Structure formats: structure tokens, C-alpha cells
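Residue numbers (the numbering used here): 85 to 297.
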């Protein structure tokens, strides 16, 4: 919504200033009402979408004793910018809801995306998505050679070395063993390279034994 601030409205700083915004808000409300009656679209008229003078910063209001100069372009420019910011703040966007049947990739519940998941850990906390103590499925991608692999021996805050680059890589995706969500379940039968597993080297033995003990 764009608002044109004409200099004629500021020749008398108080009355014209207030009348302008009251009139503009009323005209806009009438416009939406008429559009709703003449259109097949369901237009929702919300008072929160219309701006009101009481929502503005009181410091912007001018009294009758305040001297006003039309040559003071900085004040006029700052006032227009402040009004524009006020309008933008009043029109807050509602968070988008995912499609029906969509499951959060973290908690497998409906109604929200992973970025809005209540179980999401704060950014910068931990080295892996999963922060529990159980073994899980993990998906890895080497940042150097871009090689991808999956492992059923993934743990919280531990990684596996890339077989080509020999750098430690942390999983960017982890899932419970009972809900693999597309990860390679057949990895359970594959030989686990303990020399490439940070968990195995830290324990000094096969990491899967730690879950059994």
C-alpha cells in the first residue's frame, strides 16, 4: 500500500495531518466493502489491515504551536519513511501452513514445517541433528568430493570419515532406527568400517556393542 504525502496536507500541521489519515483509512475500508459485495472473491476485512492514527508514534504528531517549514525536506522524508515502516509492521504475514498430510521431517507430526518444529534444537547447539543417546540412521555428504553415503551406525555429535578424502563428516540428516524415512535400511547387514567411525575409535571397539551393553 503506497501513501502519497502531499505538501498541501502539511500546510496546517495538526488538523490536516489527522484528517488525511482518518479519511484515507475510511475510504479504504469502504473500498474493500464494495469490492466484497461486487466480487466472487471472499475478501476478509480486518481492522488490523487498516492503519490508524493511534498506532503511530506519538512523537510524530504535531500540535498547533509547532512551527512547520515546507523547506525542511529531511523532516518530511523521515516522517514518510516512519509512516511506511509503521504500515509494514502492521501487516504481519501469518506463518504458512504445510499441505494436508505433510509430516515434519523431525518429529513426523502434521501441522508445521521442520523450521517451526517444537523439537528443533537451537542453531549452533550440537554437531548433529539428533542429540539423544541412541544409535540411529545417518545421511552423510563429504564437503570436498561431494560423496554421499548412509549408515545405520550414526550417533549424536560424532561423524565418519570420507573413504576418499579421509576427513571427518557429520551427518546432516538422522532418523530413528524404527523410522528410517527413506534411509538405507540394508546398511544393517553391511560391514561397518570401524577405522572410519569416530564413535568406534573413541570407544576402542565396535560402536554397535555400546547400544547392546
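Even for Gly, the Cβ is constructed at its ideal location relative to N, Cα and C. Quantities reported herein were computed from a predicted structural model and do not represent experimental measurements.
ask   = Which one or two residues does DSSP pair with residue 210 in a beta bridge?
value = DSSP, once it has assigned bridges, lists no residue as partnering residue 210.
query = Within this structure, are the beta carbons of residue 180 and residue 188 separated by less than 9 angstroms?
reply = No; because the gap between Cβ atoms is not below 9 angstroms, this pair is not in contact.
key: Separation of residue 238 from residue 169, as counted between CA atoms   = 48 angstroms
ask   = Where does residue 196 land, buried or exposed, given buried means 16+ other C-beta within 10 angstroms?
value = buried
message = Tell me the rounded alpha-carbon separation between residue 234 and residue 255.
response = The straight-line gap from Cα to Cα measures roughly 9 angstroms.
message = Which of the three DSSP states is assigned to residue 292 in this structure?
response = helix
ask   = Does DSSP classify residue 241 as helix, strand or coil?
value = coil
ask   = Does the Cβ-Cβ distance between residue 214 and residue 258 come in under 9 angstroms?
value = Yes, these two residues count as a Cβ contact at 9 angstroms.
task = Report yes if the CB atom of residue 220 is closer than 9 angstroms to the CB atom of residue 261, and no otherwise.
result = yes
query = Since residue 246 is in the beta strand (DSSP E), which residue starts that stretch and which ends it?
reply = Note, residue 246: premise wrong, no beta strand (DSSP E); not H, not E.
task = Write down the C-beta distance between residue 247 and residue 228 rounded to the nearest angstrom, noting that I regard them as a contact closer than 8 angstroms.
result = At roughly 12 angstroms, the Cβ-Cβ gap does not stay under 8 angstroms, so residue 247 and residue 228 are not in contact.
query = Residues in its own chain within less than 7 angstroms of residue 249 by CB, not counting five upstream and five downstream?
reply = Non-local C-beta neighbours of residue 249 in its own chain, meaning closer than 7 angstroms and more than five positions away in sequence, comprise 226, 228, 229, ordered along the chain.
task = Run the CB neighbour count on residue 191, radius 10 Å, all protein chains shown included, and call it buried at 16 or more, exposed below.
result = exposed
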